[in-house]
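Chemist: Below are the structure tokens for one structure; questions will follow.
There are 2 protein chains.
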Amino acid sequence: MAKLDESLLTGLPPFSQLERPQVRAILDEATSRRYDEGKAIFREGFDADHFFLLLDGFVRVSRATETGEQVIVLHISPGQLFGIARALQRETYPATAIAAAESIVLSWPMRLWAPFIDSYPSFAAESYKTVGLRLGEIQASLTEMATKAVEQRVAATVLRMANQSGRKTDDGIEIAFPVTRENIADMTGTTLHTVSRLLSGWQKQGIVKSTRKHVVVTDPHRLVVLSQSNS
Amino acid sequence: MAKLDESLLTGLPPFSQLERPQVRAILDEATSRRYDEGKAIFREGFDADHFFLLLDGFVRVSRATETGEQVIVLHISPGQLFGIARALQRETYPATAIAAAESIVLSWPMRLWAPFIDSYPSFAAESYKTVGLRLGEIQASLTEMATKAVEQRVAATVLRMANQSGRKTDDGIEIAFPVTRENIADMTGTTLHTVSRLLSGWQKQGIVKSTRKHVVVTDPHRLVVLSQSNS
DNA sequence: CATGAACGTTGCCCTTTGACAAACTTCGGA
DNA sequence: TCCGAAGTTTGTCAAAGGGCAACGTTCATG
């Protein structure tokens, strides 16, 4: 396998404080791999034998219920650590990670977790910070789920994806990874039918434009209003 | 202030691995305090200047939305650490903690956090484990919220409280702390009216008995069925 | 022991949204 | 280029549950 270039990591928070040779050592332990859209990186309940860093692409993290439905808990953007169950003293992954778009992922065997934490304080700090941020995000989803109506939740979710991953186009902000009506339904606890109706409605009002697996927010401001309004 | 007895901590996971003198040192830094039912221990957004251990009682952790509604995220039982924002590199508390019943709480100034983590590995491990468990609980609430109907959520929530805090009585399992219909509504994302109707109905069927701020589960099995059934 | 606040119950109505059904469109691969 | 799978749209219907309103009950407190 070709040697990975150190510049891959030097700009990222977990590693930005480190000396060149340290980054080299970390990279030499890493495995790089490409995942096609839809491919699982790890699955809920399985042995947490690796931890990961997303270099490029997008990853969807979801949980399944006993009855087979799935709920999408969060999305991972490039530069973020994930599958860091070990930070929480867990032996198994608590959720399933699937490439939402074609993705490039670095991974390390979990036995390196403790050495990394002990040797590289910035890695430890960044890991726990990531966990804290994610806990915050999930709590935010929970309160949203508990207090907002379906239309507001879908609006907020579309807006969040656009903010996290958006790239500007002529028409507005485009969500940078493929997302189906069903995906959005799984994020918001509703059905693909309802999501389809909402998007169709918004499209007629010029708030979004959407095609197959693809959403562009053309009027973010009105979407913000929708996500908050109570009527 | 009277010296606290070492036996308070020796049985608890974060401290059970420690030598007597270590426990003594930890206790000498601690402040003990009683909170009446309904009193706030810390509030969302405030400076995270202390971390806490619940010795006796129950604590409700909640989050407020911009529009004033509140969502109860989880409950803390005796023996658990809480307010450990610092474990996640946070400067402020991400939620509000309120005594659900009269409670006895130990607290330490946050400047001791790093020394504790560094000096006492079992404390560090237990803290991160606690965070992991809580993340799991919140994820479970989220998926429940996203996939289950109101009756199932309320049933599951009552059951969870009974399991976590329940004590056996002649009639069945009694939730050990005061809980109003509104509290349950805030946990399940519904209204106190709907909760009241559900509890009344269940009472008629002999599944629960409830009085003011008080719930006894008389037929846990049927409640389990309700919490899962899909019809 | 009187009073008000907090908590709980219940009835009625109406909106939201899930369920079911059917058809249409897009896309990738044989 | 054709076909099937995956994704999307739309219509109709019914039920769940929230909003509103009124009233009942319990409890703490002066």
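Protein chains in written order, with the numbering used here: chain A, 1 to 231; chain B, 1001 to 1231. Ideal placement from N, C-alpha and C gives every residue a C-beta, glycine not left out. Here the structure is a predicted model, which is why all the values come from computation and not from measurement.
1) Would you mind telling me which residues of chain B sit closer than 8 Å to A:MET145, beta carbon to beta carbon, in chain order?
2) What are the partner residues of A:LEU53, as DSSP defines its beta bridges?
3) In chain order, what residues of the same chain have a beta carbon less than 7 Å from the beta carbon of B:HIS1073, not counting five sequence neighbours either side?
4) On the DSSP bridge list, what partners appear for B:THR1211?
5) Which residues of chain B have a Cβ atom closer than 9 Å to the Cβ of A:GLY132, listed in chain order?
6) I'd like the span of the beta strand (DSSP E) that includes B:TYR1035, first residue to last.
7) If you check the beta carbons only, do A:MET110 and A:PHE51 fall under 8 Å apart?
8) Taking 8 Å as the CB-CB limit, is A:GLY201 close to chain B?
9) Using C-beta distances below 6 Å, list every residue in its chain close to B:MET1161, excluding the 5 sequence neighbours before and after it, in chain order.
10) Are the CB atoms of B:LEU1018 and B:SER1122 nearer to each other than 8 Å?
11) Looking at chain B, is there any beta carbon in it that lies within less than 8 Å of the beta carbon of A:THR31?
12) Where does A:VAL225 sit, in a helix, a strand or coil, going by DSSP?
13) In chain order, what residues of the same chain have a beta carbon less than 8 Å from the beta carbon of B:ILE1207, not counting five sequence neighbours either side?
14) Look at the Cβ atom of A:GLU151, then the Cβ atom of A:LEU198, and state whether they are nearer than 8 Å.
15) Under 8 Å, do B:PHE1058 and B:ILE1084 count as touching if we go by C-beta distance?
16) Could you spell out where the beta strand (DSSP E) holding A:THR96 opens and where it closes?
17) State the Cα-Cα distance for the pair A:ARG33 and B:THR1157, rounded to the nearest angstrom.
18) Buried or exposed: which applies to B:PRO1021, given that a residue is buried once 16 or more other Cβ atoms fall within 10 Å of its Cβ?
19) Taking A:ALA124 as part of the alpha helix (DSSP H), name the residues at either end of that continuous run.
20) Using a cut-off of 9 Å between C-beta atoms, extract the partners of A:ARG63 located in chain B.
21) Name the chain B residues whose beta carbon is nearer than 9 Å to that of A:GLY136?
22) Taking 7 Å as the line, does the beta carbon of B:TRP1202 fall inside it for any heavy atom of the ligand FAD?
23) Tell me the residue span of the beta strand (DSSP E) that contains A:LEU112.
24) In three-state DSSP terms, what is A:THR70?
Modeler: Well, looking at it:
1) Chain B residues near A:MET145: LEU1142, MET1145, ALA1146, GLY1189.
2) Partner(s): A:LEU81, A:LEU106.
3) Here the sequence assigns Val to residue 1073 of chain B, which means His is not the residue at that position. Cβ within range, chain order: VAL1061, SER1062, ARG1063, ALA1095, ILE1138.
4) B:HIS1214
5) The answer, in chain order, is ALA1085, ALA1087, LEU1088, GLN1089, ARG1090, PRO1094, VAL1131.
6) In the DSSP assignment, B:TYR1035 falls within the unbroken beta strand (DSSP E) covering 1031 to 1035.
7) yes
8) Not an interface residue.
9) These residues qualify, in order along the chain: ILE1175.
10) yes
11) no
12) In this structure, A:VAL225 counts as helix in the three-state DSSP scheme.
13) VAL1217, THR1218, ASP1219, ARG1222, LEU1223, LEU1226
14) yes
15) B:ILE1084 is positioned such that its CB atom lies no closer than 8 Å to that of B:PHE1058.
16) Counting along the chain, the beta strand (DSSP E) containing A:THR96 begins and ends at 96 to 99.
17) 42 Å
18) Result: exposed.
19) Per DSSP, A:ALA124 belongs to the alpha helix (DSSP H) from 121 to 147.
20) GLN1139, ALA1140, LEU1142, THR1143
21) A:GLY136 reaches chain B at LEU1088, ARG1090, PRO1094, counting residues in chain order whose Cβ is nearer than 9 Å.
22) Judged by which ligands are present, the structure shown has none, so any question about the ligand FAD falls away.
23) Per DSSP, A:LEU112 belongs to no beta strand (DSSP E) and is neither H nor E.
24) Reading off the sequence shown, one finds Gln at residue 70 of chain A, where the question assumed Thr. A:GLN70: strand per DSSP, three-state reduction.
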